[in-house]
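Everything below concerns the one structure shown next.
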């Protein structure tokens, strides 16, 4: 186990360097950097720009700049956002909470609904419920989430039941403690539905197909032949064996927790990380982008590692040698 | 598939000889469920839109009817038989009663006849008549349906071309890596891991920001396709590599090696064909990703630029809440994206069941 962990962690180092270097190159490829838009602004004097140029090292070669960034990043200093003139860590931290609340609640929504529905539908294969729900799941998986976001915005506009986008109301600051929470929740309902719908449909289909695959296995037939009740067969024999891909999926979704919702945030005007990064990419705010890319990549790699560890813990058939030889 | 024909099908062999093109298609048609049939028809229709845009679109997609901005969709009416000499279908024109608020009223006293197969268009109105907006018009008074038809060129081909590129790269690199093994394999797989760990959507945005704004639509289109293929080939290569590595020790490959076949020949004639079934299914199911990627980029203003149309940039106007509330018909392109994506999903799912029945139930497209 220790050897496996050390191996995986060592493997991450070249991966992270590769990812950040590739991103750094792409951001530097862009014709004109952030400063070129400042240069067009007559209110900013050439001295200030020259000073900024020296400070951020835009006149230096690419490799040197990347080396500098990497060195600073190793000391947990991710630089300063060019547009906001605030440290990247601070900016990300300020937005992260909104995005985590949004993603976590939409994940909870989709997992908690999808898994029981998937089980019910698979157990009653080819019933009317199975057909209707499977068809709906297909629709849910195919609807682009930005389109669903537009539809929900339209619904909010026409019915007035929900706030029209935004993270909280205009008078949020003047509200009392309980009202603040209620206001937040009210603003979360539609985005959570939009983000959760596609995930829910996918998870439900996965659960259904997993159970259908296992339902006819020999050990399930044996369990039935032993005279176990259908309940125990499903919960103890089928379900436990169907869970493996979900453990892997949970690991993957750790990376989506921060920044998987950029388009929906843009359409519904939610002040989250996705929107921040979207603006950063568009305005070529290189250090902000690099900080977010690094964070996303670390989360993805750590998520995969955690998923593998959990898989070993959950499934006695999987051990460390079978994972590392993949 | 012919090789697997059961005795019942052997009887049909003579029929197949007589009509070689139609019967396999007809057989596939009979085996498909109704959602798959509808999906195939929708896709055929959309590709027809894309190929024959000037014929299907009633108007020039860039022609601005200045007096009719944000005009609502107009209904089609059947003319009474006495008027059939003038035209079968007609619509009541809309008049802009309040140009500032863009409010319209249907003018029931007038009839504008819709000419079918007139002037090189499937349907259009005569030049002196007011235009007929079946899905309404946009903020500049351009016919939304015509723009959707021209936009289908981008959206329908972005997936096809993108898949061909990433498919070719993925199968070639994956098969090579899996069959050759060793250091080559190791290096290629490390590279794929890097690409797969990139936050793909933001990477796509950053690369799209590299595209100079003055480029022609065609060049922008191909750059977007190239960027998306570059991001997505690695995943395919990894899976293909795993399959190729397992094929490597199969008896028929060892037999070929024993007979002295060269490495290139074994890869091209024995390894690649055994992976094609999977690759075809995987690429059909990955087409929606390209369509959605292009739409997202264009929606955010980083993809296809005005005045050219794509289904994504047509939706950009809906980002303005005021417009969305007052002119909901601007969401029509989104319905087209939805239907296209769903059709590819249904078709891919069906193809998987047909090509590899053993994996029939394992269907999940991660988004």
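Chains as they are written, first to last, in the working numbering: chain A, 3 to 328; chain B, 253 to 619.
Ideal placement from N, C-alpha and C gives every residue a C-beta, glycine not left out.
In the DSSP annotation of this structure, the continuous segment of the alpha helix (DSSP H) that includes residue 180/A starts and ends at 179-217. Neighbours of residue 291/A across chain B, judged by C-beta separation under 8 Å: 454, 458. Look at residue 25/A: its C-beta is under 8 Å from a C-beta on chain B. Taking the Cα of residue 543/B as reference, the smallest distance to any Cα among 313/A, 225/A, 207/A, 146/A is reached at 146/A. Put simply, the CB of residue 570/B is near chain A, with a gap under 8 Å to one of its CB atoms. The beta-carbon separation of residue 313/B and residue 561/B, rounded to 6 Å, stays under the 8 Å limit for a contact.
Residue 156/A reaches chain B at 576, 577, 580, 583, counting residues in chain order whose Cβ is nearer than 8 Å. Residue 597/B and residue 148/A do not touch by the CB rule: their CB atoms are close to 17 Å apart, not below 8 Å. Between the beta-carbon of residue 563/B and that of residue 540/B there is about 13 Å, and that puts the pair past the 8 Å contact cut. Distances from the alpha-carbon of residue 175/A to those of 112/A, 166/A, 134/A, 186/A put 186/A closest. Residue 602/B is bridged by DSSP to nothing; it lacks a bridge partner. Residue-level contact check: residue 451/B touches chain A, since one or more beta carbons of chain A fall below 8 Å from its beta carbon. Taken atom to atom, the span from the alpha-carbon of residue 107/A to that of residue 601/B is near 30 Å. Beta bridge pairing from DSSP links residue 556/B with no other residue. With a 10 Å radius around the Cβ and a threshold of 16 neighbouring Cβ atoms, residue 143/A comes out buried.
Between the segment 401-420 of chain B and the segment 304-322 of chain B there are three or more inter-stretch CB-CB distances shorter than 8 Å, so the stretches are counted as touching. Under the 8 Å criterion on CB atoms, residue 328/B is classed as non-interfacial with respect to chain A. The C-beta of residue 558/B comes no closer than 8 Å to any C-beta of chain A. Within a 10 Å sphere around the beta-carbon of residue 21/A sit 16 or more other beta-carbons, which makes this residue buried. If you draw a straight line from the Cα of residue 412/B to the Cα of residue 595/B, it comes to about 14 Å. Any Cβ of chain B closer than 8 Å to the Cβ of residue 309/A would place that residue at the interface, and such an atom is absent. Annotation note: the segment 378-433 of chain B contains no uninterrupted beta strand (DSSP E) run of length 3 or greater. Closer than 8 Å to the CB of residue 590/B there is at least one CB belonging to chain A. Counting only the Cα atoms, residue 210/A lies some 41 Å from residue 93/A.
For the pair residue 522/B and residue 508/B, the CB atoms are nearer than the 8 Å cut-off.
Apart from the 5 residues on each side of it in sequence, residue 505/B sits with its Cβ closer than 8 Å to the Cβ of 499, 518, 522, 523 in its chain, given in chain order. Boundaries of the beta strand (DSSP E) around residue 375/B: 373-376. Rounded to the nearest angstrom, the Cβ distance from residue 151/A to residue 269/A is 4 Å, consistent with a contact under 8 Å. Interface criterion not met: the Cβ of residue 109/A is under 8 Å from no Cβ in chain B. Counting only the Cα atoms, residue 212/A lies some 15 Å from residue 113/A. Around the beta carbon of residue 372/B, fewer than 16 other beta carbons lie within 10 angstroms, which makes this residue exposed.
Fewer than three pairs of CB atoms, one per stretch, sit closer than 8 Å, so the segment 160-171 of chain A makes no contact with the segment 65-81 of chain A.
Residue 16/A is not a Cβ neighbour of residue 104/A, given a cutoff of 8 Å. Counting the other CB atoms within 10 Å of its CB gives residue 71/A a total of 16 or more, which places it among the buried residues. Neighbours of residue 28/A in chain B, taken as residues whose beta carbon is under 8 Å from its own, are 455, 458, 459, 462 in chain order. Between the segment 238-253 of chain A and the segment 305-317 of chain A there are three or more C-beta pairs closer than 8 Å, enough to call the two in contact.
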